[in-house]
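Peer 1: One structure coming up, written as structure tokens, with questions to follow.
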Amino acid sequence: MPDLVLEVRGVDKIYGEAETAIYALKNVSFSVKKGEFILIVGSSGSGKSTLLNMIGLLDRPTNGKVFIDGLDTSTLNDNQISSFRNSKLGFIFQFSNLLADLTVLENVVLPRRIQKTDTNAVEEAKLLLKTVGLESQMNKYSNKVSGGQAQRVAICRSLINKPTIVLADEPTGNLDSVSAETTVQLMKSLNRKLGHTFIVVTHDRQQFGDVDKVITIRDGKIIEDEITEIPTIT
Amino acid sequence: MDYRAKVGLRFITRRRGSLIAASLAVAIAILVVQVNVVIFQGLYNAIVRDQINYRFGHVYITRQENFITKSDKMLVNWLERIPYVDAAAPRLDAVASINATGSGQTIRDYSVPVIGVDPVLDTKASTMYKTVGDGQYVSSRNSIVLGAIVARDLGNSHVGDSVKLKFKDRNGVDELRRFTVVGITETAGSVGLDNSVIMNIDTLREILGRPHETQSIMVKLNDPTKDQEVKDLFLRAFPTRSDNFKAQTIEESAETTLSGFRSGIALINLVGYFGMMSSAFAVVTIQMMQVTSKTREIGIMRAIGSRRKDILIIFIFQGMVIGAIGAGLGTIFGVSYTAYAKETHMTFQGSLALEVTYNWLGILQTDILAFLLAVVASIYPAYKATKLQPVEAMRFA
């Protein structure tokens, strides 16, 4: 299946050992096609963020494998994982997680600096910031912009390296309703325009309206009969 | 600028309190070393200076286990023909029993060192004459200059007082002479001849029955760095095997005085360098706090692709910034203190004027050491930063 960008195969995540072992994820398997907008939903403590960390290579599964762009990520060493995260994955976190000591523009450019492909990075970052309506804020320190603006900056940062997959962990969890709506619409429009694959963890399924797929997770397991494919409205 | 340097610089400069505290710790350590150098090296230099000026000159010539019997005038003339020699002066040492009479009572009667000097040549080769605070230096044959300690021991003798000195001549026969005090000499820190009496060398020769004999010749140079050369020239002209001369540079002649002092300086410097080590601990503590306060940022950077090595470089670069600023500040503080000590003619315990010099090589060495210590002190915090897992680090609020 050439258009598969992500395949999660039988992933377990176990904390603790023997009788104290706790399954955060149990035999999780699913796949995502290129350009899809996927929601992972579930209640607090269901394991959805743990799953996102496995997909984002921020944590390693106890058992099972994660394939991204057809590559078995369990074969990568620490440095290769860092490079892989940098070039193939974009991250949006609940609290935006920008570097407060850098300006908005510097935050967006940072993944390119890490990648050491600085050519045109600033121009591309400015273009992205313009797209999200933040061109006037680009020289402010990132802790001087509002929560909604910071989340838009984080979206720009996640896209600067043209990643295969953008991972968002509760991106609207810390925003007021207006900013949350703006952020959701922005992600969906970027998904449509740029064709990036978005995997979003949320506890508020309704906020995202129509998406390509919703994966519901409970007690570390995907509830098979609730995997729902919803046609994208064009 | 490399992004790691930029991030490191922003991390540390945007937390000014940490930067100032860490840099000051480094700067103060450098200052402590500099203060030690100014005071103790200054004191050492002052003692060397005074030993040169009052006792030995830059080159000190004696005859092994005996008096110099060659004509002092011939030797002085020979020495003064060397271009590096400013002046040379003969001296003769003896011991005498001294007493003074006040209100019909004899005041003290004890042994004092007696130094015979040539009144003309000695003022060229030595600055002893400048230490006469009251009266004048030795001139006529029966004049005598008392050291301040001797004058005090004699019940505060004054210029114009009469003192009696009893010598033993070369045959062991007592010679009693009366002299008129023409001056009192007093040196800072009593490093001069404060516990001696100074008299005309010809008078002393006559009393001791040693006409034309000399104990030592002190040689003053216009270029002190040529002391070894002058010494070698002299010993080549007057070989030891025939004349039995002994020529010593100041380091050799004042070795007994200086060697103990050198050990003291080494010990004091060691204390200074221990102070520098404690500044390194301060840097470690501040850098650890810095790593803790930036835990979330480290997690973000790791999440978006920074490698462990990049995180290590960021915090080591911070150590370099702290070291550079600290070394800069320390140099400013240290040089300012040195300039202050030099301009105000700082004295040791209110007496001996320190001989303060700018030791640029020493300052540079201290700066480099402090810089390296700040960098080394950053390695452990930087290493701890690399061990943070992105997921755990990002949870840190």
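Protein chains in written order, with the working numbering: chain A, 156 to 389; chain B, 6 to 402.
Note that CB positions come from ideal geometry on N, CA and C, so glycine has one too.
What's the C-alpha gap between cysteine 311 of chain A and glycine 190 of chain A?
Peer 2: When rounded, the distance between both Cα atoms is 17 Å.
Peer 1: Could you tell me the alpha carbon to alpha carbon distance between threonine 258 of chain A and glutamate 279 of chain A, rounded to whole angstroms?
Peer 2: So the alpha carbons of these two residues sit roughly 16 Å apart.
Peer 1: Near isoleucine 120 of chain B, which residues of its chain fall below 7 Å by C-beta distance, leaving aside the five closest residues on each side in sequence?
Peer 2: Closer than 7 Å at Cβ, skipping near neighbours: Arg96, Asp98, Leu198, Ser201, Ile203.
Peer 1: Is there a Cβ of chain B sitting closer than 8 Å to that of serine 199 of chain A, yes or no?
Peer 2: Chain B, which has no Cβ nearer than 8 Å to the Cβ of serine 199 of chain A, makes this no.
Peer 1: In chain order, which continuous runs of the beta strand (DSSP E) of length 3 or greater are located wholly inside the stretch 100-164 of chain B?
Peer 2: You should have 110-122, 137-140, 148-152.
Peer 1: Ignore the nearest five residues each way along the sequence and tell me which others in alanine 323 of chain A's own chain have a CB closer than 6 Å to its CB.
Peer 2: Taken in chain order, the residues that qualify are Ile247, Val355.
Peer 1: For tyrosine 388 of chain B versus valine 289 of chain B, is the C-beta distance shorter than 8 Å?
Peer 2: Result no, Cβ atoms of tyrosine 388 of chain B and valine 289 of chain B do not sit closer than 8 Å.
Peer 1: Looking at the C-beta of glycine 324 of chain B, does it have a partner C-beta in chain A at a distance below 8 Å?
Peer 2: Not an interface residue.
Peer 1: Anything in the stretch 14-30 of chain B with a Cβ closer than 8 Å to a Cβ of chain A? List those residues in chain order, please.
Peer 2: Residues Arg15, Phe16, Arg19.
Peer 1: Note down, in chain order, every chain B residue with its Cβ under 7 Å from the Cβ of leucine 213 of chain A.
Peer 2: Within chain B, the residues near leucine 213 of chain A are Ala308, Pro395, Val396.
Peer 1: Taking 8 Å as the threshold (beta carbon to beta carbon), is isoleucine 377 of chain A in contact with chain B?
Peer 2: Not one chain B Cβ lies under 8 Å of isoleucine 377 of chain A.
Peer 1: I want to know whether the stretch 211-229 of chain B touches the stretch 184-197 of chain B - three or more CB-CB distances under 8 Å.
Peer 2: Verdict: no, contact absent.
Peer 1: Where DSSP assigns a beta bridge to phenylalanine 185 of chain A, which residues make up the other side?
Peer 2: Answer is A:Val163.
Peer 1: At the level of alpha carbons, what is the spacing between threonine 391 of chain B and isoleucine 273 of chain B?
Peer 2: Using only the alpha carbons, I get a separation of about 39 Å.
Peer 1: So isoleucine 309 of chain B packs on proline 266 of chain A, CB below 8 Å; how close in whole Å?
Peer 2: Isoleucine 309 of chain B to proline 266 of chain A, Cβ: 5 Å. Contact.
Peer 1: Give the list of continuous alpha helix (DSSP H) stretches no shorter than 4 residues that lie fully inside the stretch 285-358 of chain A.
Peer 2: Whole alpha helix (DSSP H) segments, 4+ residues: 302-314, 332-349.
Peer 1: What residues of chain B sit near proline 266 of chain A, judged by a beta carbon separation below 7 Å?
Peer 2: Result: Ile309, Gly310.
Peer 1: For serine 242 of chain A, which residues does DSSP report across the bridge?
Peer 2: In DSSP, serine 242 of chain A forms no bridge with anything.
Peer 1: Counting only the same chain and skipping the five closest in sequence on each side, list residues whose C-beta sits under 6 Å from that of asparagine 294 of chain A.
Peer 2: Cβ neighbours of asparagine 294 of chain A beyond the five flanking positions: Thr258.
Peer 1: Using 8 Å as the Cβ pair cut-off and three pairs as the minimum, do the stretch 227-243 of chain B and the stretch 135-145 of chain B touch?
Peer 2: Because the criterion of three Cβ pairs below 8 Å is not met, the stretch 227-243 of chain B and the stretch 135-145 of chain B do not touch.
Peer 1: Going by DSSP in three states, aspartate 214 of chain A sits in which element: helix, strand or coil?
Peer 2: Residue state, collapsed to three classes: coil.
Peer 1: Can you find a C-beta in chain B that's less than 8 Å from the C-beta of aspartate 361 of chain A?
Peer 2: Reading off the sequence shown, one finds glutamine at residue 361 of chain A, where the question assumed aspartate. Not closer than 8 Å to any Cβ of chain B, the Cβ of glutamine 361 of chain A fails to qualify, so no.
Peer 1: In this structure, does DSSP put serine 356 of chain B in helix, strand or coil?
Peer 2: DSSP places serine 356 of chain B in coil when its eight states are reduced to three.
Peer 1: Once you ignore the five residues that flank serine 199 of chain A on each side, which residues in its own chain have a CB closer than 8 Å to its CB?
Peer 2: Within the same chain, serine 199 of chain A has close Cβ partners His358.
Peer 1: At least one CB of chain B closer than 8 Å to the CB of isoleucine 388 of chain A: is that the case?
Peer 2: Low confidence applies to isoleucine 388 of chain A: its pLDDT is 45, below 50, so where it sits in the model is not reliable, and the reading given next is rough at best. Answer no: the Cβ-Cβ gap between isoleucine 388 of chain A and chain B never drops below 8 Å.
Peer 1: Please report the Cβ distance between aspartate 122 of chain B and isoleucine 206 of chain B, rounded to the nearest whole angstrom; I am assuming they are in contact, meaning their Cβ atoms lie under 8 Å.
Peer 2: Per the sequence shown, the amino acid found at residue 122 of chain B is valine instead of aspartate. With a Cβ gap of about 6 Å, valine 122 of chain B and isoleucine 206 of chain B count as contacting.
Peer 1: I believe glutamate 162 of chain A touches phenylalanine 222 of chain A by the beta-carbon criterion, under 8 Å. Please report the beta-carbon distance rounded to the nearest angstrom.
Peer 2: That belief holds up - the Cβ atoms of glutamate 162 of chain A and phenylalanine 222 of chain A are roughly 4 Å apart, short of 8 Å.
Peer 1: What residues match up with leucine 257 of chain A in a beta bridge as DSSP calls it?
Peer 2: DSSP, once it has assigned bridges, lists no residue as partnering leucine 257 of chain A.
Peer 1: Strictly under 8 Å for the Cβ-Cβ distance: is leucine 254 of chain A near chain B by that measure?
Peer 2: Closer than 8 Å to some Cβ of chain B, the Cβ of leucine 254 of chain A qualifies, so yes.
Peer 1: Quick one, which of B:Gly62, B:Leu275, B:Gly324 has its alpha-carbon nearest leucine 84 of chain B's?
Peer 2: That would be B:Gly62, whose Cα lies nearest to the Cα of leucine 84 of chain B.
Peer 1: Can you confirm whether the stretch 125-133 of chain B touches the stretch 168-175 of chain B when touching is taken to mean that 3 or more C-beta pairs between the two stretches lie within less than 8 Å?
Peer 2: No: fewer than three Cβ pairs fall under 8 Å.
Peer 1: Check whether chain E comes within 8 Å of glutamate 302 of chain B, counting only Cβ atoms and requiring the distance to be less than that.
Peer 2: The chain inventory of the structure shown lacks chain E, comprising the protein chains A and B.
Peer 1: What is the rounded straight-line gap between the Cα of phenylalanine 243 of chain B and the Cα of phenylalanine 250 of chain B?
Peer 2: Approximately 7 Å, taken between the alpha carbons.
Peer 1: Using a C-beta to C-beta distance shorter than 9 Å, which residues of chain B count as neighbours of leucine 257 of chain A?
Peer 2: Result: Lys11, Val12, Arg15.
Peer 1: Alpha carbon to alpha carbon, how far is glutamate 325 of chain A from glutamine 295 of chain B?
Peer 2: So the alpha carbons of these two residues sit roughly 29 Å apart.
Peer 1: From valine 340 of chain B to aspartate 214 of chain A, what does the alpha carbon distance come to, in whole angstroms?
Peer 2: Between valine 340 of chain B and aspartate 214 of chain A, the C-alpha separation is close to 53 Å.
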